[in-house]
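Residue numbers (this note's numbering): 30 to 217.
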Amino acid sequence: MSIKSDKWIRRMATEHGMIEPYEPGQVRGSEDNRVISFGTSSYGYDIRCSNEFKIFTNINSAIVDPKQFDASSFVDFKGDVCIIPPNSFALARTVEYFRIPRNVLTICLGKSTYARCGIIVNVTPFEPEWEGYVTLEFSNTTPLPARIYANEGVAQVIFFESDEACEMSYKDRKGKYQGQQGVTLPRV
């Protein structure tokens with residue numbers, strides 16, 4: 030298994046539609062227009078957060094249960110900046126739609142800009158032949174409100190390519206998050 034470079038990512042995105050929309054360079058902004066970077070990096074791809082959020086709320090005093098998740102535990106929000114309450118979290122989705130090849134696995138790690146502010150970005154691996162928009166989880170570990178910026182970088186995807194294709198892909202086993210379109214809540 031090998032980590033894939035910017036050249037491989039560019040080829041897979043442009044020739045095979047692995048990432049759409051795809052940014053071939055690293056967008057960094059300027060002194061006048063500060064942007065948390067996104068796009069292709071040396072050995073990965075920095076994904077962006079869309080402007081669709083689900084912010085956790087406890088107004089209904091619900092119990093968080095992954096087997097019977099209560100959708101009323103979230104407030105839907107659409108905007109360029111999402112404010113996450115202290116010691117809380119929000120869900121979002123990526124701007125990019127992914128189509129992972131059968132012999133590829135990804136790991137996604139939050140960007141240091143957010144980590145240094147006490148904001149943890151959690152994303153599970155993209156399994157072979159998974160496709161869809163990625164659901165992102167932002168945890169605000171601080172006692173203060175925290176901002177998440179839509180259409181800017183939030184995490185880096187690292188691609189690992191195997192020498193051989195897997196016997197059973199995510200698509201083969203009809204994974205429950207296959208083809209997800211929006212911010213997707215837990216499913217069992």
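Don't be surprised by glycine CBs; every beta carbon is placed ideally from N, CA and C.
Over the uninterrupted beta strand (DSSP E) stretch that includes residue i, give me the two end residues.
i           : result
residue 105 : 103-107
residue 190 : 182-190
residue 141 : Run containing residue 141: none in the beta strand (DSSP E); it sits in the alpha helix (DSSP H), 141-144.
residue 160 : 160-169
residue 75  : 73-85
residue 153 : Here residue 153 belongs to no beta strand (DSSP E), and DSSP marks it neither H nor E.
residue 119 : 118-128
residue 43  : Note, residue 43: premise wrong, no beta strand (DSSP E); alpha helix (DSSP H) at 35-45.
residue 67  : 63-70
residue 178 : 175-178
residue 111 : 110-113
Assuming residue i is part of the alpha helix (DSSP H), what are its boundary residues?
i           : result
residue 202 : Neither: residue 202 is in no alpha helix (DSSP H) and is coded neither H nor E.
Within its chain, find whatever has a CB closer than 8 angstroms to the CB of residue i; leave out the 5 residues flanking it on each side and keep chain order.
i           : result
residue 100 : 214
residue 160 : 126, 127, 128, 129, 200, 207, 208
residue 170 : 116, 147, 148, 149
Where residue i and residue j are concerned, what is the direct C-alpha to C-alpha distance, given to the nearest angstrom?
i           : j           : result
residue 54  : residue 204 : 32 angstroms
residue 103 : residue 209 : 18 angstroms
residue 200 : residue 30  : 21 angstroms
residue 197 : residue 147 : 37 angstroms
residue 86  : residue 120 : 12 angstroms
residue 181 : residue 65  : 5 angstroms
residue 189 : residue 45  : 16 angstroms
residue 62  : residue 82  : 23 angstroms
residue 122 : residue 73  : 18 angstroms
residue 33  : residue 78  : 23 angstroms
When burial is assigned at 16 or more other CB atoms within 10 Å of the CB, is residue i buried or exposed?
i           : result
residue 158 : buried
residue 42  : buried
residue 76  : buried
residue 108 : exposed
residue 88  : exposed
residue 193 : exposed
residue 217 : exposed
Excluding the 5 residues preceding and the 5 following residue i in the sequence, name in chain order all residues of the same chain whose CB lies nearer than 6 angstroms to its CB.
i           : result
residue 168 : 118, 149
residue 35  : 69, 71
residue 151 : 166
residue 126 : 49, 162
residue 98  : 214, 215
residue 137 : 152, 184, 186
Beta-carbon within less than 7 angstroms of residue i's beta-carbon, same chain only, minus the 5 sequence neighbours each way: which residues are those?
i          : result
residue 39 : 53, 69
Q | Three-pair Cβ contact test at 8 angstroms for the stretch 111-119 versus the stretch 167-187 | A | yes
Q. Is the stretch 86-100 touching the stretch 45-60, taking contact as three or more C-beta pairs under 8 angstroms?
A. no
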